[in-house]
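Novice: My structure is below; once you've seen it, I'll send some questions.
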Amino acid sequence: MSSEDLDVEYVAELARIRLTPEEVATFRSQLGHVLEHVARLNRLNVAGVEPTAHSFPIYNVFRADEVKPSLPREEALANAPRQAEGLFLVTKVLD
Amino acid sequence: MDQIFTLDVHGLRSKLAAHEVSPVEVVRALARRIEAVDPAVRGYLSIDLERAIGEAEAADVTKPLGGVPIAIKDVISVRGAPCTCGSRILAGYRAPYDATVIARLRAAGAIPFGRTNMDEFAMGSSTENSAFGPTHNPYDPARTPGGSSGGSAAVVAADEAFAALGSDTGGSIRQPAAFCGCVGFKPTYGRVSRYGLVAFASSLDQIGPFTKTVRDAALLLNAIAGVDPCDSTSLDEPVPDFTTNLDRGVKGVRLGLPREYFVSGLDPQVERAVRQAVEHYAKLGAEIVEVSLPHTEYALSTYYIIAPAEASANLARFDGVRYGYRAEQPGDLLEHYGRTREEGFGAEVKRRIILGTYALSSGYYDAYYLKAQKARTLIRDDFSRAFRRVDAIVCPTSPTPAFKLGERANDPLSMYLADVFTLAANMAGICGVSIPCGFAEAEGKLLPIGLQILGNSLEEGRVLQVANAYEQTTDWHKRRPQSVTGNA
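Heads up: the sequence lines are chains A and B, in that order. Position one of the first sequence corresponds to residue 1 (my numbering), numbered consecutively onward. Position one of the second sequence corresponds to residue 1 (my numbering), numbered consecutively onward.
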């Protein structure tokens with residue numbers, strides 16, 4: 001792992017965030033410092049160590065299969081920046 | 001009754017239950033206090049006085065928190081109220097339902113009152129990353145209140161709230177509590193439901209209280225803790241009455257002092273105050289034991305892989321479709337996403353999404369994310385080993401007192417270091433509290449210092465007992481800031 005590998009423009013594209021050229025330069029430098037710090041993990045021997053995703057893994061949490069009231073459509077749509085006919089409006093995907 | 005806002009929750013409850021003051025009078029008094037003080041503190045983002053008065057009129061003062069107004073960090077959903085998360089991308093959004101903690105506070109008779117400022121999406125340690133401007137430290141308005149729950153800490157410290165809720169992903173309750181001189185409690189992961197908390201890093205986030213006293217923290221935990229069918233990570237464990245053992249003292253209690261927390265970078269005034277607190281515990285009869293948390297030096301690196309990775313996934317939901325800001329007139333869908341998120345998010349959120357996306361991206365996943373998850377195991381094991389020898393761990397909450405506004409804003413790594421002593425607890429899932437333990441002097445101002453007490457999973461009662469033993473035999477928690485608030 002090395003801070004040299006971070007291609008800010010490419011990763012921002014993956015994350016669907018447009019950046020100005022100034023932001024790209026600033027983030028490259030700032031995140032470079034962070035990654036240099038993170039590189040100390042290279043010194044750590046983790047052979048044979050199990051990863052931890054959750055401090056308290058709980059499995060198979062079920063609830064009774066009962067129909068319960070959910071958010072009415074008007075309320076679910078109330079925060080939508082654009083809507084029509086009871087639906088969220090998205091930007092056109094296909095021509 | 002003019003000074004009613006100086007009361008703690010316990011004291012206010014006595015007056016309400018005895019009908020010496022009505023919930024409506026309390027809400028009005030608090031509103032006047034906020035009006036007088038908050039222009040200098042800027043701890044609140046919004047307040048719905050009319051609604052709070054309506055709820056106060058209906059309050060049942062016989063309930064455990066009956067008629068007590070409680071400030072809420074602007075990341076926790078209250079039905080019909082704004083929930084900006086300190087972000088432009090959620091300006092104008094109104095939460096469609098109550099978070100479980102809010103439903104539980106209501107069931108206990110409390111009144112959610114006021115939305116507190118925060119770093120955008122809880123990412124930060126100074127509240128400067130709020131899209132709506134910073135909060136000022138009540139002890140010195142030129143300094144930060146800490147973060148990310150800086151608004152909640154500041155309004156409690158400035159007597160603009162009797163108590164508040166915040167959230168803690170890497171120290172966002174404990175560190176601002178230390179900077180502002182109040183009590184801030186992070187429960188065990190899963191102890192409190194996260195349903196209705198806007199997610200930052202789902203395996204680390206936990207809601208907890210800010211209060212003026214340790215007893216009040218116990219009272220609020222009593223109300224909000226417990227398993228919730230709406231949060232499958234909440235723990236199905238019995239919830240004791242957290243006030244029961246508060247007064248048991250620390251005679252014979254073994255307190256661990258982690259040697260890795262007393263290192264270079266620790267402010268000498270902070271070190272002195274914490275060491276004096278440890279001596280105080282010894283005088284009270286506690287047994288002080290040196291312990292080692294050998295992987296402490298890897299905690300910050302581990303955290304800044306795991307938390308941004310989870311954040312990058314959680315914040316994918318902000319796409320300008322179902323809620324929030326949406327860029328005008330995009331040419332196509334990719335531009336819609338790219339510009340919505342460019343214009344909606346602030347710099348720190350963008351940085352963390354990029355860092356997290358990178359750590360999860362093809363070719364780097366094993367080197368960063370998987371490695372960090374393994375390091376997390378070692379960090380958790382450090383605490384498990386320590387808690388076999390001691391009942392609780394005592395250490396500084398933050399390496400320094402409150403720093404100045406702007407001082408670290410352009411240096412993310414130096415900002416991240418403000419949480420170097422708090423974030424390991426989130427990765428281990430354990431509980432902890434910060435309580436006031438003294439003051440540092442800087443440029444003629446007195447700045448609060450926090451003592452952090454960490455306990456093993458589900459040992460909230462023990463942590464509160466240890467914290468209360470200190471509080472009951474010291475006066476630090478009675479101090480109030482004078483510079484902003486004009487308090488005596």
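Beta carbons are placed, not taken as given, at the ideal position from N, Cα and C, and that holds for glycine. Because the structure is a prediction, the values reported are computed rather than measured.
Could you tell me which chain B residues have their CB closer than 9 Å to the CB of residue 55 of chain A, listed as they occur along the chain?
Specialist: Translated into the one-based positions of the first sequence, residue 55 of chain A becomes position 55. The answer, in chain order, is 188, 189, 190, 203, 204, 376, 380, 426, 427, 428, 429, 430, 457.
Novice: Taking residue 308 of chain B as the reference, give the member of B/271, B/441, B/365, B/475 with the closest Cα.
Specialist: Here residue 308 of chain B is taken as the residue at index 308 of the second sequence, counted from 1. The residue with the shortest Cα to Cα distance from residue 308 of chain B is B/365.
Novice: Contact check, residue 277 of chain B vs residue 470 of chain B under 8 Å by CB: the rounded distance?
Specialist: Indexing the second sequence from 1 puts residue 277 of chain B at position 277. Indexing the second sequence from 1 puts residue 470 of chain B at position 470. 7 Å between Cβ atoms; contact.
Novice: Run through chain A and tell me which residues come within less than 8 Å of residue 170 of chain B, C-beta to C-beta.
Specialist: What you label residue 170 of chain B is simply residue 170 of the second sequence in a count that begins at 1. Going along chain A, no residue has its Cβ under 8 Å from residue 170 of chain B, so there is no contact; the nearest lies around 13 Å.
Novice: Scan the region 81-120 of chain B and note each continuous beta strand (DSSP E) run of 3 residues or more that stays entirely inside, going in chain order.
Specialist: 111-116
Novice: Hey, out of B/250, B/180, B/194, B/163, whose CA is closest to residue 215 of chain B's CA?
Specialist: Here residue 215 of chain B refers to the residue found at position 215 when the second sequence is read from its first residue. The shortest Cα separation from residue 215 of chain B among B/250, B/180, B/194, B/163 belongs to B/163.
Novice: Can you tell me the Cα-Cα spacing of residue 337 of chain B and residue 234 of chain B, whole angstroms?
Specialist: Position 337 of the second sequence holds residue 337 of chain B. Position 234 of the second sequence holds residue 234 of chain B. Computed Cα separation, rounded: 33 Å.
Novice: If you compare alpha carbons, which of B/439, B/66, B/71 is closest to residue 12 of chain B?
Specialist: Position 12 of the second sequence, counted from the start, is the residue given in the question as residue 12 of chain B. With distances taken between Cα atoms, residue 12 of chain B lies closest to B/66.
Novice: If we ignore side chains and look at the alpha-carbon of each, how far apart do residue 180 of chain B and residue 314 of chain B end up?
Specialist: Start at 1 with the first residue of the second sequence, and residue 180 of chain B comes out as number 180. Start at 1 with the first residue of the second sequence, and residue 314 of chain B comes out as number 314. Computed Cα separation, rounded: 30 Å.
Novice: Should residue 120 of chain B be flagged as near chain A, meaning a C-beta pair shorter than 8 Å?
Specialist: Along the second sequence, read from residue 1 onward, the residue named residue 120 of chain B stands at position 120. Answer no: the Cβ-Cβ gap between residue 120 of chain B and chain A never drops below 8 Å.
Novice: Residue 281 of chain B and residue 93 of chain B: beta carbons closer than 8 Å?
Specialist: Working through the second sequence from its first residue, we reach residue 281 of chain B at position 281. Working through the second sequence from its first residue, we reach residue 93 of chain B at position 93. No.
Novice: Rounded to whole angstroms, how far is the Cβ of residue 211 of chain B from the Cβ of residue 220 of chain B, which I believe are closer than 8 Å?
Specialist: In the second sequence, counting from the first residue as 1, residue 211 of chain B sits at position 211. In the second sequence, counting from the first residue as 1, residue 220 of chain B sits at position 220. Yes, they are in contact, since the Cβ atoms of residue 211 of chain B and residue 220 of chain B sit about 6 Å apart, within 8 Å.
Novice: At the 8 Å Cβ level, is residue 76 of chain B part of the contact set with chain A, yes or no?
Specialist: Position 76 of the second sequence, counting from 1, holds the residue named residue 76 of chain B. No, residue 76 of chain B does not count as interfacial toward chain A.
Novice: Within the continuous beta strand (DSSP E) that includes residue 211 of chain B, where are the two ends?
Specialist: Taking the first residue of the second sequence as 1, we reach residue 211 of chain B at position 211. Start and end: 207-211.
Novice: Nearest to residue 30 of chain A by alpha carbon, out of B/99, B/102, B/265, B/348?
Specialist: In the first sequence, the residue the question calls residue 30 of chain A occupies position 30. Residue 30 of chain A has its Cα closest to that of B/348, out of B/99, B/102, B/265, B/348.
Novice: Would the beta-carbon of residue 69 of chain B fall within 8 Å of that of residue 30 of chain B?
Specialist: The count along the second sequence starts at 1 and reaches residue 69 of chain B at position 69. The count along the second sequence starts at 1 and reaches residue 30 of chain B at position 30. Cβ atoms of residue 69 of chain B and residue 30 of chain B: closer than 8 Å.
Novice: Applying a beta-carbon distance threshold of less than 7 Å, which residues of chain A neighbour residue 301 of chain B?
Specialist: For this step, residue 301 of chain B is matched to residue 301 along the second sequence. Ordered by position in chain A, the residues that pass the 7 Å Cβ test against residue 301 of chain B are 37, 38, 40, 41.
Novice: Leaving out five residues on either side along the sequence, give the residues of the same chain with a beta carbon under 8 Å from the beta carbon of residue 489 of chain B.
Specialist: For chain B, the structure presents residues 1 to 488; residue 489 of chain B sits outside this window and is missing.
Novice: Sorted by chain position, which residues of the same chain lie with C-beta nearer than 6 Å to residue 311 of chain B's C-beta, five sequence neighbours on each side aside?
Specialist: For this step, residue 311 of chain B is matched to residue 311 along the second sequence. If we look at residue 311 of chain B and ignore the five residues flanking it on each side, its Cβ neighbours are 200, 201, 352, 356.
Novice: For chain D, is any of its Cβ atoms less than 8 Å away from the one on residue 87 of chain A?
Specialist: The structure shown has no chain D; the protein chains it does contain are A and B.
Novice: Taking only three categories from DSSP, how would you classify residue 13 of chain B?
Specialist: Here residue 13 of chain B refers to the residue found at position 13 of the second sequence. Reduced to three states, the DSSP call for residue 13 of chain B is helix.
Novice: Out of B/178, B/16, B/459, B/190, which one is the CA nearest neighbour of residue 57 of chain A?
Specialist: On the first sequence, position 57 is the one that residue 57 of chain A refers to. Taking only the C-alpha atoms, the option nearest residue 57 of chain A is B/190.
Novice: Could you check where the beta strand (DSSP E) with residue 163 of chain B kicks off and where it finishes?
Specialist: Walking along the second sequence from the start, residue 163 of chain B turns up at place 163. Residue 163 of chain B -> beta strand (DSSP E) spans 163-167.
Novice: Is the beta carbon of residue 208 of chain B sitting closer than 8 Å to the one on residue 166 of chain B?
Specialist: By 1-based counting over the second sequence, the position of residue 208 of chain B is 208. By 1-based counting over the second sequence, the position of residue 166 of chain B is 166. The answer is yes: Cβ separation under 8 Å.
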